[in-house]
Amino acid sequence: MTEQDLLARLNAASIIDIVLVTLVFLGLFYLVRGTRAVTLLRGLLLVAFLAVLASTFLNLTAFNWLVRNSIPALLVAIPVIFQPELRRAFERLGRPSTLLGTRTTDATTKFLATLARAAGALSRQMCGALVIIEGRTGLQEYIDTGVRLDAELSVDLLLTIFDKHTDLHDGAVIVRDERLFAASCMLPLSENPDVDRDLGTRHRAALGITESTDAIALVVSEETGGISIAHNGRLLRNLDESNLNRTLTNLYTGRTPSSPMQKLFAPLRGAVGAKHVVRRN
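Each step along the sequence shown adds one to the number in the numbering used here, with nothing skipped, and position 27 is 30.
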């Protein structure tokens, strides 16, 4: 069939068909970009390419039989191998483009300022803390592992909870609807092998919960007093109270970034992430 014959058979339906298939593959590559799935996908494509070459140019009867009969097994194995990436992809499809929509009420401004002040106070006292702000993805399974409080958020309450002499300091606080909903909650740790080795359990838990949900995690290091924010599996470290407030506002309200600190985190709202940890300068 010549090129003229192919062009003659090309119609509007064929163009739409080609565009849709192209968009599907581009979407899949975009969703796994920068994740561990890229390495797995590269390996699968290499194996598939070699198998096609061998079955096409070499007369290998047994190998061709093996390739043909392995295809159904691969169709079952691929969703299992890429389960974390597929889960994040469907969660992203099921939620709006921003974390919680545009929210600029006085109550929200006060809520974010309270979080920033509390983080600053915890940092000065070298008191470790982990605060998770629930997004569209529900965190009920993690709330059930802790102690339900459903209290108004305040600096004094957070300082009391994370005091090392209290029973609730070990674990995370989960904030829902701008209220301190539960304390002493257990979270999954990040399984990303590229995470900095100097990160402790709190930071790994912050990355772990933000890798699988759209939550925002606020971390205060007990060893250094450093303040960090995690979102979409990325970590921004060594924030002061002012930068923390601006970054929280950007992530929580979904507003257009204006400061350098906000611009640094702007891609987090739209990408799975090319690098999970922003390393310390």
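Glycine included, C-beta positions come from ideal geometry on N, C-alpha and C.
C-alpha distance - residue i paired with residue j, whole-angstrom precision
i           : j           : result
residue 153 : residue 83  : 37 Å
residue 169 : residue 49  : 54 Å
residue 248 : residue 30  : 33 Å
residue 129 : residue 226 : 7 Å
residue 175 : residue 182 : 14 Å
residue 16  : residue 52  : 30 Å
residue 205 : residue 222 : 7 Å
residue 244 : residue 132 : 15 Å
residue 220 : residue 232 : 6 Å
residue 12  : residue 22  : 16 Å
residue 19  : residue 25  : 10 Å
residue 188 : residue 156 : 16 Å
residue 32  : residue 135 : 29 Å
residue 329 : residue 81  : Residue 329 falls outside the range modelled here, since the chain spans only 4 to 284, and no answer is possible.
residue 112 : residue 162 : 20 Å
residue 2   : residue 150 : It is not possible to answer for residue 2, since the shown part of the chain is limited to 4 through 284.
residue 261 : residue 79  : Low confidence applies here, because residue 261 scores a pLDDT of 42, under 50, leaving its location unreliable and the question unanswered by this model.
residue 117 : residue 200 : 31 Å
residue 14  : residue 203 : 58 Å
residue 27  : residue 76  : 22 Å
Proximal residues to residue i (C-beta, below 8 Å), its chain only, five neighbours per side dropped
i           : result
residue 191 : 208, 211, 212 and 215
residue 103 : Unreliable positioning characterises residue 103 in this predicted model, as indicated by a pLDDT of 46, which lies under 50. The coordinate reading is nonetheless provided below. Same-chain partners within the cutoff: 138, 139, 255, 256 and 257.
residue 263 : Reliability fails at residue 263, whose pLDDT of 43 lies under 50, so the model's placement of it is uncertain and no value is given.
residue 63  : 57
Beta bridge counterpart(s) of residue i as assigned by DSSP
i           : result
residue 234 : 219 and 237
residue 134 : 176 and 221
residue 150 : 186
residue 242 : 230
residue 155 : 182
Neighbourhood of residue i by C-beta distance below 7 Å, restricted to the same chain and skipping five residues each side
i           : result
residue 115 : 248, 251, 252 and 255
residue 67  : 58
residue 164 : 171, 172, 176 and 186
residue 160 : 154 and 183
residue 110 : 181
residue 70  : 54 and 58
residue 61  : none
residue 179 : 137
residue 124 : 158 and 162
residue 193 : 207, 210, 211 and 214
Beta-carbon contacts of residue i that lie in its chain and below 6 Å, excluding the five residues immediately before and after
i           : result
residue 230 : 122, 126, 223, 242 and 247
residue 228 : 126 and 129
Exercise for the section: Could you say if the region 144-159 and the region 232-239 meet the contact criterion of at least three C-beta pairs nearer than 8 Å? Expected result: Output reads no: the region 232-239 does not touch the region 144-159.
Exercise for the section: Starting from the N-terminal side, write out each stretch of the alpha helix (DSSP H) that is 4 residues or longer and does not extend beyond the region 13-69. Expected result: Listed in chain order, they are 15-35 and 40-60.
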